[in-house]
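From first to last, the protein sequence lines are chains A and B. Heads up: the first sequence is residues 9 to 297, going by the numbering used here. Heads up: the second sequence is residues 993 to 1362, going by the numbering used here. A quick write-up on the structure given underneath.
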Amino acid sequence: MKRSSKLKVRWGFIIFFTPVFLWLMLLIVLPHIELLRMSFIGTDFYGKSGFTLENYGGFFKEPIYWRTFARTAIYSILVTFIVLVIALPVAFYITKLAKPKAQGFFTVLLLIPFWVSELIRIYGWIILLRESGVINFVLLKLHLIKQPYEMLYHDATMIMGLVYTSMLFMVVPIMGVMESLDNALIEAAYDLGAKKLAIWRKIIIPYCTPGIMSGSIIVFMLVLGSYLTPKLMGGKNALWFTEQIYNQIIIYFNWNQGAAFGFLLLLMSSIIIFIALKLTKQEFTKVIK
Amino acid sequence: MKIALSVKNVSKYFGDFKAVDNVSFDVEDGKFFSILGPSGSGKTTLLRMIAGFYEPSSGKIEIRGEDMAGVEPNKRPVNLVFQNLALFPMMNVFENIAFGLKRRGERGKIVKDKVEAMLERVGLPGFGNRKIGQLSGGQKQRVAIARALVLEPSVLLLDEPLGALDAKLREHMKVELKKLQLKVGTTFVYITHDQSEAMVMSDYVAVMHAGRFEQLDTPQNLYNRPASSFVAQFVGNNNKFTVKVIKDERGNFYAATDYGLKLKLEGKFDIEQDNTYEMYIRPESIIINPHDDLDKLNIIEVDVKAILFDGGNSRILVVPKGTDNEIVVMLPQNRKYDYLRPSDALKIGWYPSVSVCFKGIGERAYEEIK
Ligand SMILES: Nc1ncnc2c1ncn2[C@@H]1O[C@H](COP(=O)(O)OP(=O)(O)O)[C@@H](O)[C@H]1O
Ligand SMILES: [Mg+2]
């Protein structure tokens, strides 16, 4: 009797765990091992392939590569920060100030952009902003400008596009935590003499840190790995690092170089997230809850 | 004596609903003032107006003679202890208490000294590093009070701070709170729905009902001379009789019950249009088996219905012979009537001076007082 019940428990475990294990191995671990292996393989002058550090060396020797890399990292952090600054009051308004009926409406408003594909979303911006676009047309008609102005293909435009695309992923986790924030805490702080800024700094933000961190991690990774928005809206001669990877693999057929770049990107995002978690004294397992 | 808080004709509407209805009172410096009322009577609304979270719809609030109209909660010299305490969970005990001091720009050693002195005062020395989650209910209570008191407010407002505690701890904290108030000398405005809390701690109690003050008095006067039917029912226990007041040819007044009792009354009554009254007699004012020669007493014959044993607070439930109108009678502490059993016959009596009467049929403070 005892043995069979033990056996049953094991079966349950195996049935549950097999798909998880397969997914983890086949779609996460295996490709990364392959990528890692490829990133250390190079073809020499005579077409013979073998172990090399050249793929990583090339990254540091060629300024265009590490500059793009640094630019991508800095802009991703900047975008995450801007998204956070906008998302905090938005989440606060929806969870604490809006009437229950309006709350649903605002949440739907946040979701609407995600009913269409990224491409369409960006196309919307392009229609608005391009030289012959809606905004230029209106400004010209109103005689506010004499010449149409190209608003696309600036870094600022690209940042705005990235902020727009990732806003939802910051607002939702922050709303989740903010909902559980007791209004009496805010009132108590106010009663004890705190001004608005102090209430944000000392009560709301510390309380919402888990939501802020999980939102920031999602947004940061999303922005870091985005491809279409920087390509279609960004400055012509300033690349995003994902484009470099794309170029290496698709244009130059240099899978080894592409794999090395991919690994560098993974390494960087891991390090930045690790530092951010350490700085805010959060634990990863708590944040992803 | 200086007036710490003065509320003048204050009303508050939520839409059409009048939550606070023309309330006025003054609290002298250093007094313990309670507002007692059932839930929904507008106590929290009144307190929040004093703290500055609501603007009164009409009327005026002055603190130490200064008009508070338009003054934000963070600028008022009052502090509020919230109904659910509202301690900051992401800060430890020290940081919670230091919060207000730091907002005033106080720093370093001054803050440390003040917080530690305050912790000492509320009986929690050395608790500064504890997390809020590690504290018991009573300790949280004290931290919440310390957090407000450390700012030395002109008036400390407390919104049912003992509500969440269990009965034993509440008994204990009642006495603690009173002692603390005497020690620090701060003016307390305390709201509660528990009449015993209000009676034990307060210098003055205002009984609030449906947004209005029914009576503002000392606890003794509230108990002995209630001003309304509601107060008589809400403060302490009382037996209620619905009676018709009649006058005999010699000018004496009597209360007649619909089941045939004729009870002597003291004083004069208006019986011109309507002679329906409610008469109240406290359970401890009733004498069991009084001497028959005491002819001034109202004496009625009753049957014992139940013995309500509760230690020093034991009572019996009796009904006048042939009726089922229950009367609660306090048993004396000397266990003289331990022999009583249900359905025993008994006489009870009381002096006419201990009964109080109110004209008309008042609202019921509770479903029925048992
Ligand atoms: N913000 C508000 N909006 C509408 N009605 C309210 C509001 N606050 C309280 N009330 C109503 O006012 C009445 C008194 O409430 P409250 O002051 O909280 O009573 P208490 O503290 O005595 O229980 C209640 O009937 C309540 O429903
Ligand atoms: Mg209340």
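Ideal Cβ placement from N, Cα and C applies to all residues, glycine included.
Looking only at DSSP bridge pairs, what is B/Ala1298 linked to? For B/Ala1298, which the question treats as bridged, DSSP gives the partners B/Leu1309.
Check whether the Cβ atoms of B/Phe1080 and A/Leu193 lie closer than 8 Å to each other. Their beta carbons are under 8 Å apart, which means B/Phe1080 touches A/Leu193 by this criterion.
Enumerate, from N- to C-terminal direction, the unbroken beta strand (DSSP E) stretches of 3 or more residues contained entirely within the region 1097-1155 of chain B. Counting only runs of 3 or more, we get 1147-1151.
Return the bridge partner residues of A/His40 from the DSSP annotation. BP columns for A/His40 are empty, so no partner.
Indicate whether at least one CB of chain B lies closer than 8 Å to the CB of A/Glu187. No, no contact with chain B.
When DSSP labels each residue in this structure, what does A/Arg75 get in the three-state scheme? A/Arg75 falls in the helix class under three-state DSSP.
Any C-beta of chain A under 8 Å from that of B/Asn1066: Taking Cβ atoms only, chain A reaches closer than 8 Å to B/Asn1066, which makes this a yes.
Unbroken stretches of the beta strand (DSSP E), 3 residues or longer, contained in the region 1240-1292 of chain B: Given a length threshold of 3 residues, each whole run of the beta strand (DSSP E) inside the region 1240-1292 of chain B is given here in chain order: 1245-1248, 1254-1256 and 1268-1273.
Cut-off 6 Å between Cβ atoms - residues of its own chain near B/Ser1345, not counting five sequence neighbours on either side: Apart from the 5 residues on each side of it in sequence, B/Ser1345 sits with its Cβ closer than 6 Å to the Cβ of Glu1258 in its chain, given in chain order.
Three-state class that DSSP yields for A/Ile135 in the structure shown: DSSP places A/Ile135 in helix when its eight states are reduced to three.
Please list, in chain order, the chain A residues whose beta carbon lies closer than 8 Å to that of B/Phe1091. Within chain A, the residues whose beta carbon sits less than 8 Å from that of B/Phe1091 are Ala197, Leu200, Ala202 and Lys210, listed in sequence order.
So, does the region 170-186 of chain A touch the region 150-159 of chain A, judging by three or more C-beta pairs under 8 Å? No, they do not touch.
In terms of alpha-carbon separation, which member of B/Arg1274, B/Ala1090, B/Ser1306 and B/Lys1004 lies closest to B/Gly1341? Checking every option, the nearest Cα to that of B/Gly1341 belongs to B/Arg1274.
What residue from B/Gly1304, B/Asn1281 and B/Asp1240 has the CA that sits closest to B/Ile1263's CA? For the residues B/Gly1304, B/Asn1281 and B/Asp1240, the minimum Cα distance to B/Ile1263 belongs to B/Asp1240.
Is A/Met186 buried or exposed, if buried means 16 or more other CB atoms sit within 10 Å of its CB? That one is buried.
Pick from A/Ser57, A/Ile280 and A/Ser278 that is closest to A/Asn264, judged by C-alpha positions: Answer by Cα proximity: A/Ser57.
For B/Leu1157, which residues in chain A fall below 7 Å Cβ to Cβ? For B/Leu1157, there are no C-beta contacts with chain A under 7 Å, since the nearest C-beta of that chain is about 18 Å from it.
Distance cut 5 Å, beta-carbon to ligand 1 heavy atom: residue list by chain order: Residues with a Cβ closer than 5 Å to any heavy atom of ligand 1, in chain order: B/Phe1006, B/Ala1011, B/Ser1031, B/Gly1032, B/Ser1033, B/Gly1034, B/Lys1035, B/Thr1036 and B/Thr1037.
Closer than 7 Å: A/Asp199 CB and nearest ligand 2 heavy atom: No, ligand 2 has no heavy atom inside 7 Å of this Cβ.
Beta strand (DSSP E) runs wholly inside the region 1170-1226 of chain B, at least 3 long, in chain order: Counting whole runs of 3 or more residues, the region 1170-1226 of chain B contains the beta strand (DSSP E) stretches 1179-1184, 1196-1201 and 1204-1209.
So, under 8 Å CB-CB, B/Arg1134 and B/Val1114 are touching, yes? Tell me the CB distance rounded to an integer number of Å. Contact between B/Arg1134 and B/Val1114 is confirmed by a C-beta separation of about 4 Å, below the 8 Å threshold.
How many Å lie between A/Ile259 and A/Pro214 at the Cα? Put simply, the backbone Cα of A/Ile259 is about 47 Å away from that of A/Pro214.
Below 8 Å on the Cβ atoms is my guess for B/Arg1056 versus B/Ala996; work out the distance and round it to an integer in Å. In this structure, B/Arg1056 and B/Ala996 form a Cβ contact; the two beta carbons are roughly 6 Å apart against a cut-off of 8 Å.
Does DSSP put B/Leu997 in a helix, a strand or coil? Residue state, collapsed to three classes: strand.
Check: B/Gln1075 C-beta below 7 Å from any heavy atom of ligand 2: At least one heavy atom of ligand 2 is nearer than 7 Å to the Cβ of B/Gln1075, so yes.
Applying the criterion that 16 or more other CB atoms from any shown protein chain within 10 Å of the CB defines a buried residue, is A/Ile279 buried or exposed? The residue is exposed, with fewer than 16 neighbouring Cβ atoms inside 10 Å.
Tell me which residues of the region 1072-1088 of chain B have at least one Cβ-Cβ distance to chain A shorter than 7 Å, keeping chain order. If the cut-off is 7 Å between Cβ atoms, the region 1072-1088 of chain B has Leu1072, Phe1074, Asn1076, Ala1078, Phe1080 and Met1082 near chain A.
Alpha-carbon to alpha-carbon, B/Gly1034 and A/Leu32: Distance between the alpha carbons of A/Leu32 and B/Gly1034 is about 60 Å.
Is the Cβ-Cβ distance between B/Ala1043 and B/Leu1143 less than 8 Å? No, they are not a contact pair.
Can you pull the chain A neighbours of B/Ala1061, defined as C-beta to C-beta under 8 Å? Within chain A, no residue comes near B/Ala1061; the closest Cβ sits about 18 Å away, beyond 8 Å.
For B/Leu1077, which of helix, strand or coil comes out of DSSP? The answer is strand: DSSP assigns B/Leu1077 an E or B state.
In the structure shown, what three-state DSSP assignment does A/Met9 receive? Only weak support exists for where A/Met9 lies, its pLDDT of 46 falling under 50; the value from the coordinates is given anyway. Judged by DSSP in its simplified three-state form, A/Met9 adopts coil rather than helix or strand.
Roughly how many whole angstroms lie between the Cα atoms of B/Lys1297 and B/Ile1308? Their Cα atoms are separated by approximately 8 Å.
Residue range of the beta strand (DSSP E) that includes A/Gly50: It spans Ile49 to Thr51 - the beta strand (DSSP E) in which A/Gly50 sits, taken as one unbroken run.
Helix, strand or coil at A/Trp89 according to DSSP, with G and I counted as helix: Contrary to the premise, residue 89 of chain A reads as Phe rather than Trp in this sequence. Helix at A/Phe89.
Below 8 Å between beta carbons is the criterion; list the residues of the region 1094-1108 of chain B that meet it against any residue of chain A, in chain order. Those residues of the region 1094-1108 of chain B that come within reach of chain A (Cβ to Cβ, closer than 8 Å) are Arg1095 and Arg1096.
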